[in-house]
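Colleague:
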Ligand code: NDP
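In full-length UniProt numbering, the protein residues as written are 1 to 239.
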């Protein structure tokens with residue numbers, strides 16, 4: 001039987017790319033979104049539509065989902081994974097970094113969800129999987145704006161889960177600790193960046209992105225009458 005379409009945002013590196021590989025290996029057609037389309041193409045996954053989409057552009061997200069659904073049928077899941085972590089102090093972090101995180105980490109999750117949710121509600125099935133963070137559960141030094149966005153992902157996900165619980169649509173939050181990806185590279189404050197690297201080492205290293213991808217696939221593959229509401233996973237040495 002043909003497997004249904006899965007949409008993954010931020011699939012050009014890290015957790016999103018690892019998740020794309022695993023779902024593809026399970027036989028799912030995919031819609032992969034990111035700004036670096038060439039990195040999506042380099043994954044070279046069969047039955048996959050790669051689109052250069054900035055997920056803060058709601059119309060572009062909707063258009064890509066429409067195109068993928070025409071080709072592969074209705075989206076059965078979305079993994080709202082695209083995100084950016086720009087660490088900084090409230091007193092001096094460039095304010096445009098707050099705006100970028102809020103636009104992508106919060107509004108991007110809402111836009112991705114809105115693009116697939118009406119169809120899922122009509123069909124009475126579907127899974128929304130939002131990638132939050134341990135930083136959506138507890139705070140860390142120099143993380144104020146980032147933790148605000150990730151606490152928001154937990155909050156909106158749980159509220160949505162309650163909103164749609166009776167419809168058959170599932171909402172899952174995945175909250176990883178430190179993962180070895182490109183995420184830290186975008187932080188502009190070099191001192192904060194090296195402090196974070198030192199913290200990661202002292203915590204015994206970071207997770208492999210594949211481990212997080214396996215948690216995503218685990219949650220999705222549960223029977224439809226089971227919702228894994230939240231998975232929090234981190235390196236054993238992370239406090
Ligand atoms: P990466 O930086 O490796 O991946 C981020 C992905 O998001 C890339 O594919 C990037 O693609 C995409 N992206 C960034 N901006 C946009 C945009 N405006 N529109 C569309 N796509 C965008 O980091 P991770 O894999 O680590 O991050 C994935 C998620 O996991 C994030 O939400 C992050 O907050 C979360 N997370 C990560 C942790 C970690 O320690 N690494 C820990 C906990 C949570 P492109 O640049 O091509 O657009």
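The C-beta atom is built at its ideal place from N, Cα and C for all residues, glycine as well. All values reported here derive from a predicted model rather than from experimental measurement.
Where does the unbroken alpha helix (DSSP H) through residue 173 begin, and where does it stop?
Modeller: Counting along the chain, residue 173 falls outside any alpha helix (DSSP H), though it belongs to the beta strand (DSSP E) covering 169 to 176.
Colleague: Note down, in chain order, each residue of its chain lying with its Cβ closer than 7 Å to the Cβ of residue 193, except the 5 sequence neighbours on either side.
Modeller: Answer for residue 193: 184 and 187, listed in chain order.
Colleague: Considering residue 246, what are the terminal residues of the alpha helix (DSSP H) in which it resides?
Modeller: The structure shown does not extend to residue 246, since the chain is modelled only from 1 to 239, so the question has no answer here.
Colleague: Provide the residue span of the alpha helix (DSSP H) that contains residue 90, from first to last.
Modeller: Element bounds for residue 90: n/a, residue is neither H nor E.
Colleague: Between residue 61 and residue 128, which are expected to be in contact by the criterion C-beta below 8 Å, what is the C-beta distance as a whole number of angstroms?
Modeller: Contact doesn't hold; Cβ gap of about 14 Å is too wide.
Colleague: By Cβ distance below 7 Å, which residues in the same chain neighbour residue 89 in space, the five residues on each side in sequence not counted?
Modeller: The answer, listed in chain order, is 142.
Colleague: Considering only residues of the region 40 to 84, which uninterrupted beta strand (DSSP E) runs meet the minimum length of 3 residues and lie entirely inside it, listed in chain order?
Modeller: Here the runs fully enclosed are 48 to 52 and 75 to 80.
Colleague: Looking at the strands, I want to know which residues DSSP matches up with residue 127.
Modeller: Partner(s): 77 and 170.
Colleague: Please tell me whether, using a cut-off of 7 Å, the distance from the CB of residue 181 to the nearest non-hydrogen atom of the ligand NDP is below it.
Modeller: Yes.
Colleague: With distances taken between CB atoms, is the gap from residue 153 to residue 130 smaller than 8 Å?
Modeller: The answer is yes: Cβ separation under 8 Å.
Colleague: Anyone know if the C-beta pair for residue 145 and residue 98 falls short of 8 Å?
Modeller: The answer is yes: Cβ separation under 8 Å.
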